[in-house]
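In what follows, a structure is listed as structure tokens, so that the remarks can point back to it.
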Amino acid sequence: MIASTQQIQTLLQPQLQQSLPGFSQRAACHQLQPWVQLYWSLSIPPDSGEVPSHALYPDGGSNLTFEWIPGQLPKAWLQYDPKLTHSQFRAGQRLFSVRFQPTGAFQLLGISPAELTAPQLDLQLANVPGLHQLLDLLAGQTDASAQMNAVECWLLALAENNISGQQLVQQSLQLLQQPAADLQHLYEQLPKSRRQYERRFKLETGLSPAQLQLMLKVRLARFILSQNPACDLASVAQQAGFYDQAHLHLHFSRLTGQTPGQYKKRKMSQISKAGR
Numbered sequence: 286m287i288a289s290t291q292q293i294q295t296l297l298q299p300q301l302q303q304s305l306p307g308f309s310q311r312a313a314c315h316q317l318q319p320w321v322q323l324y325w326s327l328s329i330p331p332d333s334g335e336v337p338s339h340a341l342y343p344d345g346g347s348n349l350t351f352e353w354i355p356g357q358l359p360k361a362w363l364q365y366d367p368k369l370t371h372s373q374f375r376a377g378q379r380l381f382s383v384r385f386q387p388t389g390a391f392q393l394l395g396i397s398p399a400e401l402t403a404p405q406l407d408l409q410l411a412n413v414p415g416l417h418q419l420l421d422l423l424a425g426q427t428d429a430s431a432q433m434n435a436v437e438c439w440l441l442a443l444a445e446n447n448i449s450g451q452q453l454v455q456q457s458l459q460l461l462q463q464p465a466a467d468l469q470h471l472y473e474q475l476p477k478s479r480r481q482y483e484r485r486f487k488l489e490t491g492l493s494p495a496q497l498q499l500m501l502k503v504r505l506a507r508f509i510l511s512q513n514p515a516c517d518l519a520s521v522a523q524q525a526g527f528y529d530q531a532h533l534h535l536h537f538s539r540l541t542g543q544t545p546g547q548y549k550k551r552k553m554s555q556i557s558k559a560g561r
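Laid out in structure tokens, this is it:
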């Protein structure tokens, strides 16, 4: 049986945890899970030397990241990119990040990924309610756990004021996360026209339904290979909802910058090294 979406989101980060010192993550509280995938934090010791970059695979989500800088208010920025990107960290860096679901940034922050024209948006320029008070609170709080709780309480307050949380786009995400999801069936069930729905979907996620569906299939394929690298690629293609192995190869390579075989080989090498 395929694992739940929450399990997939939580377990796709082991390579980050293995390669970066001071990395940790946790799930969002139940009330925020419709909008938030997970939280991760990073506190790299100043004497760590060269820190490796980390690949961020696109899945329709976006990152709200806070960085603590001595003597200043924390920086806060929103990052969204529907393509493969690489994050470069540095020694001494201290970060906390909220990984949003595809609709999360729009519904909680009022920011449409479709309207972002730069890779990173300084959140202080976006007039998000309560942000300045949050940054003041974070600057005066030194305990990492308390800082994480402060961010979550702020997000909960935004969620309470959210009036679009149960809109059709978010509800349809549950269908798109199913490997055998049929978009045509979804369109036939819409209470509005397909054109209106796709326009709204693009506004909230920055993607078309078909684009997000492909990203979620590739994410599921990565999860399957992460959990069982010995799995036959034809089986992976079937379980992830691809028509065949050739389609898996095409879309996996385009979105991750490596073939499924290369990803599989790397995962098997990691397991082999861990067992020594």
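Each residue of the sequence shown is one higher than the last, beginning at 286 in the numbering used here. Note that CB positions come from ideal geometry on N, CA and C, so glycine has one too.
Along the beta strand (DSSP E) that carries residue i, what are the first and last residues, could you check?
i: residue 360; result: 360-364
i: residue 400; result: Where residue 400 is concerned, there is no enclosing beta strand (DSSP E), given that its DSSP letter is neither H nor E.
i: residue 312; result: 308-312
i: residue 372; result: 370-372
i: residue 432; result: Taken as a continuous stretch (DSSP letters only), residue 432 belongs to no beta strand (DSSP E), being part of the alpha helix (DSSP H) at 429-445.
i: residue 407; result: 405-407
Tell me, to the nearest whole angstrom, how far the beta carbon of residue i is from that of residue j; I am working on the premise that it is less than 8 Å.
i: residue 327; j: residue 351; result: The pair is not a contact, with the Cβ atoms about 11 Å apart (cut-off 8 Å).
i: residue 424; j: residue 359; result: 6 Å
i: residue 622; j: residue 527; result: Beyond the ends of the chain as shown, which are 286 and 561, falls residue 622; an answer cannot be given.
i: residue 317; j: residue 420; result: About 20 Å; that fails the 8 Å criterion.
i: residue 500; j: residue 343; result: 5 Å
i: residue 340; j: residue 369; result: 7 Å
i: residue 321; j: residue 389; result: 6 Å
i: residue 472; j: residue 479; result: 5 Å
Taking all protein chains shown into account, do 16 or more other C-beta atoms lie within 10 angstroms of the C-beta of residue i, making it buried, or fewer, making it exposed?
i: residue 402; result: exposed
i: residue 513; result: exposed
i: residue 412; result: exposed
i: residue 552; result: buried
i: residue 435; result: buried
i: residue 554; result: exposed
i: residue 536; result: buried
i: residue 407; result: exposed
i: residue 549; result: buried
i: residue 227; result: Any property of residue 227 remains undetermined from this structure, which presents the chain solely from 286 to 561.
i: residue 477; result: exposed
i: residue 338; result: exposed
i: residue 378; result: buried
i: residue 387; result: buried
i: residue 286; result: Any reading at residue 286 must be qualified, since the residue scores a pLDDT of 42, below 50, and its modelled position is unreliable; the value itself is stated next. It is exposed - the Cβ of residue 286 has fewer than 16 other Cβ atoms within 10 Å.
i: residue 329; result: buried
i: residue 556; result: exposed
So for residue i, helix, strand or coil by DSSP?
i: residue 490; result: helix
i: residue 349; result: strand
i: residue 382; result: strand
i: residue 461; result: helix
i: residue 546; result: helix
i: residue 421; result: helix
i: residue 475; result: coil
i: residue 452; result: coil
i: residue 340; result: strand
i: residue 375; result: coil
i: residue 483; result: helix
i: residue 555; result: helix
i: residue 296; result: Because residue 296 sits at a pLDDT of 48, beneath the cut-off of 50, its placement in the model cannot be relied upon, and the point is left open.
i: residue 509; result: helix
i: residue 503; result: helix
i: residue 466; result: coil
Do the CB positions of residue i and residue j come within less than 8 Å of each other?
i: residue 384; j: residue 336; result: no
i: residue 323; j: residue 347; result: no
i: residue 496; j: residue 468; result: no
i: residue 443; j: residue 398; result: no
i: residue 266; j: residue 521; result: Residue 266 falls outside the range modelled here, since the chain spans only 286 to 561, and no answer is possible.
i: residue 455; j: residue 319; result: yes
i: residue 372; j: residue 325; result: no
i: residue 489; j: residue 391; result: yes
i: residue 525; j: residue 505; result: yes
i: residue 491; j: residue 367; result: yes
i: residue 460; j: residue 466; result: yes
What are the boundary residues of the alpha helix (DSSP H) that residue i is part of?
i: residue 322; result: Looking at the DSSP string, residue 322 is not in any alpha helix (DSSP H); the run it does join, the beta strand (DSSP E), is 321-328.
i: residue 392; result: 389-394
i: residue 535; result: 530-541
i: residue 524; result: 518-525
Do we get a CB-CB distance below 8 Å when we pair residue i with the residues of chain D?
i: residue 504; result: As a matter of chain content, chain D is missing from the structure shown, which is built from one protein chain.
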